[in-house]
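Asker: Residues in the sequence shown are numbered consecutively from 74, following this note's numbering. Think of the CB as a built atom: it goes at the ideal place given N, C-alpha and C, for glycine as much as any other residue. The structure follows.
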Amino acid sequence: MKNKIMTYATICACILAGLAGFVGCKGEGEGKPSSASETGAIGLDRLVAACRMYSDDNGVYPRLDLTPGNLAMDVGEEYLSEDVDDADYVYLGYTVCSPQNVDLYLDMYKDFAEGRFVPDKDYVRPGTGQTLVRLRKGAEIYCSSKPSDPEANSAAAATIPVVLQRRENYPDKKAPVGFMDGHVESVEPGQHATVDRIYEILPQLDGFAK
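So this is what it looks like as structure tokens:
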């Protein structure tokens, strides 16, 4: 699929460059925006917004794509009208707010890839009772220091990654990440332990592709 997000990112980058006095920004197909991370942030903004709209209507975030190894969201065009290339982002679909949650996520994905689990509900690790909560409105309470405190819950939502771009696409490894509260920021290695652990397991998740 052709990723049309790049088109909008290119236009925005050109406008910003023009305002700064830069001359010679090329049209679509003739060059790249000046900042790869800027392009990624714009694209992830759209993806996070689609997830939040879907959650408003359905009570949960979109489920994971049911093709093992395809780390994308299963969402209709009524929420994400752009023809997004699944390979351009990583979607989690579950509430991960610690490196331990990420390890539980890896177990969930293995059970899914091997036919023991369908990722349309909360996951319970067999034999332990440890639960990985599907992303949905209010799921931030599971990561909050004070679940009864709205401010603490909002702070927790700002730390829960929803969509990521791959670090290998960025020379400085500072890649955009979209969080549950809707904001997008470029996260460098060592800045966010949970995000670091997600990037560490990506090769294993990719390896489940059939």
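Check the DSSP bridge columns for Glu-258 and list the partner residues they point to.
Answerer: DSSP output for Glu-258 lists Val-250 as bridge partner(s).
Asker: If you drop the 5 nearest sequence neighbours on each side, which residues of the same chain put their C-beta closer than 8 angstroms to that of Asp-279?
Answerer: Answer for Asp-279: Gly-142 and Leu-144, listed in chain order.
Asker: Over what stretch of residues does the alpha helix (DSSP H) that includes Leu-179 continue unbroken?
Answerer: Per DSSP, Leu-179 belongs to the alpha helix (DSSP H) from 172-186.
Asker: When we look at the beta-carbon of Pro-244 and count the other beta-carbons within 10 Å, is it buried (16 or more) or exposed?
Answerer: Its Cβ having fewer than 16 others within 10 Å, Pro-244 is exposed.
Asker: Specify the secondary structure class of Gly-94 as computed by DSSP and reduced to three states.
Answerer: Confidence in Gly-94 is poor, its pLDDT being 33 and thus under 50, which makes the residue's placement unreliable; the coordinate value appears in the next sentence. It is coil, neither helix nor strand.
Asker: Quick check on Tyr-167 - is its C-beta less than 7 angstroms from some C-beta in chain B?
Answerer: Any reference to chain B falls outside this structure, which holds one protein chain only.
Asker: Counting only runs that start and end within the region 188-255, where is the beta strand (DSSP E) found for 3 or more residues in a row?
Answerer: If we require 3 residues or more, the beta strand (DSSP E) runs fully inside the region 188-255 come out as 234-237 and 248-252.
Asker: Let's test the definition: count the other Cβ atoms within 10 Å of the Cβ of Tyr-127 and tell me whether it reaches 16, buried, or not, exposed.
Answerer: Result: buried.
Asker: Hey, would you say Leu-120 sits closer than 7 angstroms to Val-236, going by beta carbons?
Answerer: For Leu-120 and Val-236, yes; Cβs fall inside 7 angstroms.
Asker: Rounded to whole angstroms, how far is the Cβ of Pro-234 from the Cβ of Lys-246, which I believe are closer than 8 angstroms?
Answerer: 16 angstroms between Cβ atoms; not a contact.
Asker: Tell me which residues share the same chain as Gly-132 and place their Cβ nearer than 7 angstroms to its Cβ, disregarding the 5 neighbours each side in the sequence.
Answerer: Arg-209 and Lys-210, listed in sequence order.
Asker: For Asp-138 and Val-163, I'd like the C-alpha separation in whole angstroms.
Answerer: Taking the straight line joining both Cα atoms gives about 11 angstroms.
Asker: Classify Asp-158 as helix, strand or coil using the three-state DSSP reduction.
Answerer: Coil, per DSSP.
Asker: Measuring alpha carbon to alpha carbon, tell me which residue in Asp-161, Thr-168, Tyr-134 and Val-268 is nearest Tyr-152.
Answerer: It is Tyr-134.
Asker: In the DSSP output, which residue or residues are listed as bridge partners for Val-163?
Answerer: Note: Val-163 sits in a beta bridge opposite Leu-237.
Asker: Select from Gly-200, Asp-180, Ser-171 and Asp-184 the residue whose C-alpha is nearest the C-alpha of Val-268.
Answerer: Here the closest residue by C-alpha is Ser-171.
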